[in-house]
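Chains as they are written, first to last, in the working numbering: chain V, 8 to 119; chain Z, 49 to 165.
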Amino acid sequence: EPEVTQTPSHQVTQMGQEVILRCVPISNHLYFYWYRQILGQKVEFLVSFYNNEISEKSEIFDDQFSVERPDGSNFTLKIRSTKLEDSAMYFCASESEGPEAFFGQGTRLTVV
Amino acid sequence: GENVEQHPSTLSVQEGDSAVIKCTYSDSASNYFPWYKQELGKRPQLIIDIRSNVGEKKDQRIAVTLNKTAKHFSLHITETQPEDSAVYFCAAQKGVYYGGSQGNLIFGKGTKLSVKP
Chain V
8 EPEVTQTPSH
18 QVTQMGQEVI
28 LRCVPISNHL
38 YFYWYRQILG
48 QKVEFLVSFY
58 NNEISEKSEI
68 FDDQFSVERP
78 DGSNFTLKIR
88 STKLEDSAMY
98 FCASESEGPE
108 AFFGQGTRLT
118 VV
Chain Z
49 GENVEQHPST
59 LSVQEGDSAV
69 IKCTYSDSAS
79 NYFPWYKQEL
89 GKRPQLIIDI
99 RSNVGEKKDQ
109 RIAVTLNKTA
119 KHFSLHITET
129 QPEDSAVYFC
139 AAQKGVYYGG
149 SQGNLIFGKG
159 TKLSVKP
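Encoded structure:
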């Protein structure tokens, strides 16, 4: 069964450093999302991406965040200057024609 | 924007009993309501979903009901088993139309279900 894959599974970074989280959505899917989950809390929407552009973003997704689909397979989330409060599990998700979203296994980001 | 409330935050049941988790949503434009199960340290996995043109849906031991007028939907698990223990999240999405999807998911805060053998 096709899966959304994310790398790395765990990333530790120093405050102020840039990080790039990578996702390979299921091929032929059209809609891509990033969500985050702070430990013990609910899953929160960050951004959605369709047709090579951002279609929607939340208040969390400020100027420190950016997304890119550099080629036909990868979908990346960049955090320019990480803060302690960015520590969370980041999930990538993709959909074909909807509405079921398939989630990746997540990247645990720890900012120290 | 949409707001999803979920209750209870924790639920403990004996194996074989039923479990019910309830959610309410605020935006009447929401029209797709999935339920996700998340085991510790793992990805959320879709277990059942319902669209707003349907009032109830069942899949073996799991059922979901939707009351559009009251803007609430519920997950029902019958004959619970220890492997049902996990955190369950409800979510709401708007913009779902036939054959397509346009919206992000808004999640509830989750219910930690413990099934005691």
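For every residue, glycine included, the Cβ atom is placed at its ideal position computed from N, Cα and C.
query: Is the beta carbon of THR159 of chain Z less than 8 Å from the beta carbon of PRO56 of chain Z?; result: yes
query: Taking GLN141 of chain Z as the query, report the chain V residues whose CB atoms sit under 8 Å from its CB, ordered along the chain.; result: PRO106
query: Excluding the 5 residues preceding and the 5 following LYS64 of chain V in the sequence, name in chain order all residues of the same chain whose CB lies nearer than 6 Å to its CB.; result: VAL54
query: Given this structure, state the Cα-to-Cα distance separating GLN18 of chain V from VAL11 of chain V, to the nearest angstrom.; result: 18 Å
query: Assign ALA77 of chain Z to buried or exposed, taking buried as 16 or more other Cβ atoms, counted over all protein chains shown, within 10 Å of its Cβ.; result: exposed
query: Taking the straight line between their C-alpha atoms, what separation do you get for TYR96 of chain Z and SER34 of chain V?; result: Position check: residue 96 of chain Z holds Ile in this sequence, whereas Tyr was assumed. C-alpha separation (whole angstroms): 23 Å.
query: For HIS124 of chain Z, tell me which candidate among Z:GLU63, Z:VAL68, Z:SER60, Z:VAL61 has the shortest Cα-Cα distance.; result: Z:VAL68
query: Can you find a C-beta in chain Z that's less than 8 Å from the C-beta of SER94 of chain V?; result: no
query: Tell me the DSSP secondary structure of PRO15 of chain V in three-state form.; result: coil
query: Under 8 Å between C-beta atoms, does GLU60 of chain V make it to chain Z?; result: no
query: Count the other C-beta atoms from every protein chain shown that fall within 10 angstroms of the C-beta of PRO134 of chain Z, then say buried if there are 16 or more, exposed otherwise.; result: In the sequence as presented, Pro is not what sits at residue 134 of chain Z; that position holds Ala. Its Cβ being crowded by 16 or more others within 10 Å, ALA134 of chain Z is buried.
query: What does VAL50 of chain V reach in chain Z if we use C-beta pairs closer than 9 Å?; result: TYR84, GLN86, PRO92, PHE137, ALA139, LEU153, PHE155, GLY158
query: Taking 8 Å as the cut-off, decide whether the C-beta atoms of ASP75 of chain Z and LYS142 of chain Z are in contact.; result: yes
query: Within its chain, find whatever has a CB closer than 6 Å to the CB of LYS105 of chain Z; leave out the 5 residues flanking it on each side and keep chain order.; result: ILE98, VAL112
query: If distances are taken between C-alpha atoms only, which option among Z:ASN101, Z:GLN54, Z:THR126 comes closest to TYR73 of chain Z?; result: Z:GLN54
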